[in-house]
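If you read the sequence shown in my numbering, its first letter stands for residue 26, the second for the next number, and so on.
Idealized CB from N, CA, C, for every residue including glycine.
Keep in mind it's a predicted model, so treat the numbers as computed, not measured.
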Amino acid sequence: MRIDPALAETLRLVGEEGTLEAAARRQHMTPSAVSQRVKLLEQQLGQRLLVRTKPVQLTAPGEVVVRFARGHALLEHEAGTELGLETQGEQPRSGIAVNSDSLATWFVPALADFAREHDAQLELQREDQDETARLLTTGAAMAAVTSAPSAPPGYRSLPLGSIVYVAVASPRWRARWTRNTTGPVGPDVLARAPRIDYDTSDDLQATWLRRQGVDPSLAPRHLVPSTHELADAVVAGLGWGMLLTMQAEPLLARGELLALGGDPVTSALFWQVAKTPSALLDALTDTVLETARRELQQP
């Protein structure tokens, strides 16, 4: 059975918008017409594609159809470009899920390099690993930077390298909590002095504390859910934290931060991208891999 690309596109918009009404506005239709198009597609394929809750939920077959719709739109645009018809439609949209630390440091320059040579609308979605997997599975994203090595069906996973974190604190934090101005900070201090986590699921500082012989559950912490603001909070003395080396090195050189000792914590990253045969996705992948080779720690 052939999948009707126009009907699949309607389902994609419903899944992205979350309601029939919002999808109808994007397609300049009535909600009833959008509902009928989804029902027609379900009848043609003989499978339920959408659970009509608020927001709506795609079923597993619906997620497959949405991935098809996104891939078809990309290929259609590329074919139109080669035929000299690129002015007849908008630039293709490619959703990209990316973790916060990559977005704040090395990833945006990679996209800028790509955009200098290629026309595309990039929709960045800052998400954690679990949400990244959902975005890929539902077709809301065509690619992702993630710490998960295994890709969902329909995607391939390529190693990027590792980001490296070091434990640092400001001189004023050190003066507040220790009597030593240099050298490693002992477990007794780390067990009572505050750290800064990104959010409740952030395990970076906890991993480093365990290596120092400290139970993370006993140590106080602040939550600052932003890569840039977390670094600012460490510099201000709110608590100690694990910062990316590319963030920490200039601050250490200027004396705004002091190293706490201990081994760095590394996190391997992977580029997961749709297997859809696309010159645009291939070019994006090449640019991301090239930038990662320069900016990330390689094996």
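Is it right to say Asp240 is buried, meaning 16 or more other beta carbons lie within 10 angstroms of its own, or is it exposed? Around the beta carbon of Asp240, a 10 Å sphere encloses fewer than 16 other beta carbons of the protein chains shown; the residue is thus reported as exposed.
Hey, could you find the ends of the beta strand (DSSP E) Leu294 is sitting in? Under the DSSP assignment, Leu294 falls in the beta strand (DSSP E) whose first and last residues are Val290 to Ala299.
DSSP-derived helix/strand/coil call for Met267: Met267 carries a strand assignment under DSSP once its states are collapsed to helix, strand and coil.
May I ask which residues mark the beginning and end of the beta strand (DSSP E) holding Arg279? It is not in any beta strand (DSSP E) - Arg279 carries neither H nor E in the DSSP assignment.
Residue burial classification, Asp227 (beta-carbon count within 10 angstroms, cutoff 16): With 16 or more neighbouring CB atoms inside 10 Å of its own CB, Asp227 falls in the buried class.
Is there contact between the segment 170–178 and the segment 207–219, where contact requires at least three CB pairs shorter than 8 Å? At 8 Å Cβ cutoff, the stretches do not touch.
Tell me, please, which residues DSSP counts as bridged to Ser400. Missing from the structure shown is residue 400; the chain here goes from 26 to 324 and no further.
For Leu294, which of Ala169, Ser195, Ala33 and Pro245 has the nearest alpha-carbon? Closest by alpha carbon: Ala169.
Do Leu74 and Val59 have their C-beta atoms closer together than 8 Å? The answer is no: Cβ separation not under 8 Å.
Between Val81 and Gly43, is the Cβ-Cβ spacing less than 8 Å? Result yes, Cβ atoms of Val81 and Gly43 sit closer than 8 Å.
Residue environment, Leu36, which counts as buried when at least 16 other CB atoms sit within 10 Å: With 16 or more Cβ atoms within 10 Å of its Cβ, Leu36 is classed as buried.
Which of the three DSSP states, helix, strand or coil, is assigned to Gly211? Here Gly211 sits in coil by DSSP.
According to DSSP, is Thr162 helix, strand or coil? Thr162 sits in a helix when the DSSP states are folded into three classes.
Note down the Cα distance separating Gly96 from Ile188, rounded to an integer number of angstroms. Approximately 30 Å between the Cα atoms of the pair.
Which word fits Ala278, buried or exposed, when buried means at least 16 other C-beta atoms lie within 10 angstroms of its C-beta? Under a 10 Å Cβ-count criterion, Ala278 is classified as exposed, with fewer than 16 other Cβ atoms of the shown protein chains found around its own Cβ.
Is Leu45 closer than 8 Å to Pro30 when the C-beta atoms are compared? The answer is no: Cβ separation not under 8 Å.
Answer yes or no: does any C-beta atom of chain E fall closer than 8 Å to that of Gln72? No chain E appears in the structure shown, which is made up of a single protein chain.
Using the three-state DSSP reduction, which class does His247 fall into: helix, strand or coil? Annotated three-state conformation of His247 is strand, per DSSP.
Spatial distance of Arg50 from Val39 (CA atoms): In a straight line, the C-alpha of Arg50 is about 10 Å away from that of Val39.
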